[in-house]
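Peer 1:
What follows is the structure, given as structure tokens:
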């Protein structure tokens, strides 16, 4: 059904009898009363700009070009995005709707675009179409209760209403983190003030809005680094906390408050910090790895100590010089138009990068982590010497003879010999005095 066809049907319904009257809604800056109407589900279309699924929609458009709410296949795809965005909660709501029907009215435009209630409408449509429900339940769920906005409702007011009714009410529990950042940026682009965004999205202050904008910029920079511009589905699961830590560290570097970083080195350190952190976020390494060791400015971390940071950044930059250039994203996308194949090929692209980079990145990380740990024990020589002995004793001499880095190993052994000679000299002097 086209937008014009929907508009004709909805105008007919609005000219009829409402199921409820006098519901209050803030519209265009003032409280107004709206009637509630019972609208057949088939007269409605999902809001493709829905903040709940913004990352999925934007990613799909980047990969495939468009989503048309008037196209039944695309409409089904949007419904799947809505369901997959929070499957446990949607299953619970599905059960509640089947038992009790729709209790709270939504909001729609005059041409049938759902402003508030996309998720509920998709679940009602699912119930009405599935064979698992009896006819009474299906009949109850084939309509959507909604207030109809005036025909002159503009894009900005529609966005405000969606935000206030959805994200402002339940974003903390019902929205994936990336949707929060994307929606903040979208509202900022639409010229909402920081204070308005904070109010409508339920933030404590404009400071929270600025933080969201900073994180969104980092996320876009991250995706651009690996050729995934606009494909937010390529973000690693659970990466929000790492971006927050990275943002804090970048601000600290930019402030000039890390004593060892000279003013003319601030940009260099920030660039290294950003690139290194992005790679470790993409690597998704678990276990002994702790992102805080890199992108934190408290004591006992890489960035807080000049020697450790320079060692770490140097090892990283040596590593990426030899890194094989990745296949261009456009070349990957040209290989197939099938969604499942594209998902598989992009996963393969990431896996190939991880397999190539993991050993070098983790080696650089663990070496620098050991430097920090050893510095914490610098006044405990017995502990460090015991640790060194255990490490050296674990070396397999056969692997030494077969190593293709004998010259490099010998250089390090000479350094080790010099260190042990210096320690022996100090001890002998003390024993003889």
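Residue numbers (my numbering): 999 to 1431.
Ideal Cβ positions, reconstructed from N, Cα and C, are used throughout, including at glycine.
Considering just the uninterrupted stretch of the alpha helix (DSSP H) at residue 1028, what are its terminal residues?
Peer 2: What you label residue 1028 is simply residue 30 of the chain shown in a count that begins at 1. Note, residue 1028: premise wrong, no alpha helix (DSSP H); beta strand (DSSP E) at 1028–1038.
Peer 1: I'd like to know if the segment 1096–1112 and the segment 1124–1142 are in contact, where contact means that at least 3 CB-CB pairs between them fall below 8 Å.
Peer 2: Taking 8 Å as the limit for Cβ pairs, the verdict is that the segment 1124–1142 does touch the segment 1096–1112.
Peer 1: What span of residues does the beta strand (DSSP E) with residue 1105 cover, start to end?
Peer 2: Numbered from its first residue, the chain shown carries residue 1105 at position 107. 1104–1106 is the span of the beta strand (DSSP E), which, as asked, contains residue 1105.
Peer 1: Cβ of residue 1183 within 9 Å of Cβ of residue 1214?
Peer 2: Translated into positions along the chain shown, residue 1183 becomes position 185. Translated into positions along the chain shown, residue 1214 becomes position 216. For residue 1183 and residue 1214, yes; Cβs fall inside 9 Å.
Peer 1: Bridge partners of residue 1114, per DSSP?
Peer 2: For the purposes of this step, residue 1114 is taken as residue 116 along the chain shown, with counting starting at 1. In DSSP, residue 1114 forms a bridge with 1105.
Peer 1: Name the two residues that bound the continuous beta strand (DSSP E) containing residue 1043.
Peer 2: Residue mapping note: residue 1043 aligns to position 45 of the chain shown, counting from 1. Premise fails: residue 1043 is in no beta strand (DSSP E) and is neither H nor E.
Peer 1: Where DSSP assigns a beta bridge to residue 1319, which residues make up the other side?
Peer 2: Position 321 of the chain shown, counted from the start, is the residue given in the question as residue 1319. Looking at the DSSP assignment, residue 1319 forms no beta bridge with any residue, so it has no partner.
Peer 1: Would you say the segment 1278–1286 touches the segment 1302–1316, given that touching needs at least three Cβ pairs under 8 Å?
Peer 2: No: fewer than three Cβ pairs fall under 8 Å.
Peer 1: With distances taken from CA atoms, which of 1023, 1024, 1016, 1068 is nearest residue 1003?
Peer 2: To locate residue 1003, count along the chain shown from 1; it is residue 5. Here the closest residue by C-alpha is 1068.
Peer 1: Using 10 angstroms around the beta-carbon of residue 1260, count the other beta-carbons present and answer buried if the total reaches 16, otherwise exposed.
Peer 2: Within the chain shown, numbered from 1, the residue matching residue 1260 stands at position 262. Result: exposed.
Peer 1: Please tell me whether residue 1103 and residue 1043 are closer than 9 Å, where the distance is taken between their beta carbons.
Peer 2: The residue given as residue 1103 occupies position 105 in the chain shown. The residue given as residue 1043 occupies position 45 in the chain shown. For residue 1103 and residue 1043, no; Cβs fall outside 9 Å.
Peer 1: Could you give the C-beta distance for residue 1037 and residue 1201, rounded to a whole number, given that I count them as a contact under 8 Å?
Peer 2: Working through the chain shown from its first residue, we reach residue 1037 at position 39. Working through the chain shown from its first residue, we reach residue 1201 at position 203. Actually they do not touch by this definition, with Cβ atoms about 33 Å apart.
Peer 1: Contact defined as beta carbons within less than 8 Å: I believe residue 1053 pairs with residue 1230. What is the distance between those atoms, to the nearest angstrom?
Peer 2: Here residue 1053 corresponds to residue number 55 of the chain shown, with the count starting at 1. Here residue 1230 corresponds to residue number 232 of the chain shown, with the count starting at 1. Yes, they are in contact, since the Cβ atoms of residue 1053 and residue 1230 sit about 4 Å apart, within 8 Å.
Peer 1: For my contact list, residue 1125 and residue 1179 are in at a C-beta cut-off of 8 Å; report their separation, rounded to the angstrom.
Peer 2: Position 127 of the chain shown, counted from the first residue, corresponds to residue 1125. Position 181 of the chain shown, counted from the first residue, corresponds to residue 1179. Not confirmed; about 32 Å, so no contact.
Peer 1: Please give the ranges of any alpha helix (DSSP H) in the segment 1320–1352, keeping only runs that are unbroken, at least 4 residues long and fully inside the region.
Peer 2: Whole alpha helix (DSSP H) segments, 4+ residues: 1327–1332.
Peer 1: By the DSSP assignment, the beta strand (DSSP E) with residue 1146 in it spans what residues?
Peer 2: Within the chain shown, residue 1146 is the residue found at index 148, counting from 1. 1141–1146 is the span of the beta strand (DSSP E), which, as asked, contains residue 1146.
Peer 1: Would you mind working out which of 1328, 1329, 1244 sits nearest residue 1300, comparing C-alpha positions?
Peer 2: The residue you call residue 1300 lines up with position 302 of the chain shown. Comparing Cα positions, the closest option is 1244.
Peer 1: Taking 8 Å as the threshold, find out whether the segment 1105–1119 comes into contact with the segment 1147–1161 through three or more Cβ pairs.
Peer 2: A contact exists between the segment 1105–1119 and the segment 1147–1161.
Peer 1: Within the same chain, show all residues whose beta-carbon is closer than 8 Å to that of residue 1022, passing over the 5 residues directly before and after it, in chain order.
Peer 2: Along the chain shown, read from residue 1 onward, the residue named residue 1022 stands at position 24. Excluding positions up to five away in sequence, the list reads 1029, 1030, 1031, 1032.
Peer 1: To the nearest angstrom, how far is the alpha carbon of residue 1426 from that of residue 1419?
Peer 2: Here residue 1426 corresponds to residue number 428 of the chain shown, with the count starting at 1. Here residue 1419 corresponds to residue number 421 of the chain shown, with the count starting at 1. Whole-angstrom Cα-Cα distance: 10 Å.
Peer 1: Identify, in the order they occur along the chain, each residue of the same chain with its Cβ nearer than 8 Å to the Cβ of residue 1352, setting aside the five sequence neighbours on each side.
Peer 2: For this step, residue 1352 is matched to residue 354 along the chain shown. Correct list, in chain order: 1280, 1281, 1282.
Peer 1: With C-beta atoms as the reference, is residue 1363 less than 9 Å away from residue 1310?
Peer 2: Counted from its first residue, the chain shown places residue 1363 at position 365. Counted from its first residue, the chain shown places residue 1310 at position 312. Taking 9 Å as the Cβ cut-off, residue 1363 and residue 1310 qualify as a contacting pair.
Peer 1: Taking 9 Å as the threshold (C-beta atoms), are residue 1117 and residue 1157 in contact?
Peer 2: For this step, residue 1157 is matched to residue 159 along the chain shown. For this step, residue 1117 is matched to residue 119 along the chain shown. Not closer than 9 Å, so no.
Peer 1: What is the residue span of the beta strand (DSSP E) that residue 1023 lies within?
Peer 2: Residue numbering aside, residue 1023 sits at position 25 when the chain shown is read from its first letter. Its beta strand (DSSP E) spans residues 1018–1025.
Peer 1: Can you tell me whether DSSP reads residue 1158 as helix, strand or coil?
Peer 2: Taking the chain shown and counting its residues from 1, one reaches residue 1158 at position 160. Of the three classes helix, strand and coil, the one that applies to residue 1158 here is helix, per DSSP.
Peer 1: Using DSSP with H/G/I as helix, E/B as strand and the rest coil, what is residue 1000?
Peer 2: For this step, residue 1000 is matched to residue 2 along the chain shown. Three-state result, residue 1000: coil.
Peer 1: Does DSSP put residue 1169 in a helix, a strand or coil?
Peer 2: Within the chain shown, numbered from 1, the residue matching residue 1169 stands at position 171. Because the pLDDT of residue 1169 is 47, which lies under 50, any placement of that residue in the model is unreliable, and the question is left without a value.
Peer 1: Would you list, in sequence order, the uninterrupted alpha helix (DSSP H) runs of no fewer than 4 residues that lie entirely inside the segment 1221–1289?
Peer 2: Counting whole runs of 4 or more residues, the segment 1221–1289 contains the alpha helix (DSSP H) stretches 1238–1253, 1264–1281.
Peer 1: Would you mind working out which of 1403, 1407, 1402 sits nearest residue 1390, comparing C-alpha positions?
Peer 2: Within the chain shown, residue 1390 is the residue found at index 392, counting from 1. Of the candidates 1403, 1407, 1402, the one whose C-alpha sits nearest the C-alpha of residue 1390 is 1407.
Peer 1: Nearest by alpha-carbon distance to residue 1355: which of 1371, 1383, 1057, 1320 is it?
Peer 2: By one-based count along the chain shown, residue 1355 stands at place 357. Comparing Cα-Cα distances from residue 1355 to each of 1371, 1383, 1057, 1320, the minimum goes to 1320.
Peer 1: I'd like to check one pair, residue 1174 with residue 1084: are the Cβ atoms closer than 9 Å?
Peer 2: Mapped onto the chain shown, residue 1084 falls at position 86. Mapped onto the chain shown, residue 1174 falls at position 176. In this structure, residue 1174 lies closer than 9 Å to residue 1084 by Cβ.
Peer 1: Quick check on DSSP: helix, strand or coil for residue 1014?
Peer 2: Here residue 1014 corresponds to residue number 16 of the chain shown, with the count starting at 1. In the structure shown, residue 1014 sits in coil (DSSP, three-state: anything other than H, G, I, E or B).
Peer 1: Please decide whether residue 1235 counts as near chain D, where near means a Cβ-Cβ distance under 9 Å.
Peer 2: Included in the structure is just one protein chain, with no chain D present.
Peer 1: Verify whether the separation of the beta carbon atoms of residue 1113 and residue 1210 is less than 9 Å.
Peer 2: Here residue 1113 corresponds to residue number 115 of the chain shown, with the count starting at 1. Here residue 1210 corresponds to residue number 212 of the chain shown, with the count starting at 1. No. Outside cutoff.
Peer 1: Alpha helix (DSSP H) containing residue 1409: first to last residue?
Peer 2: As a position in the chain shown, residue 1409 is number 411, starting the count at 1. Segment 1404–1430, the alpha helix (DSSP H) holding residue 1409.
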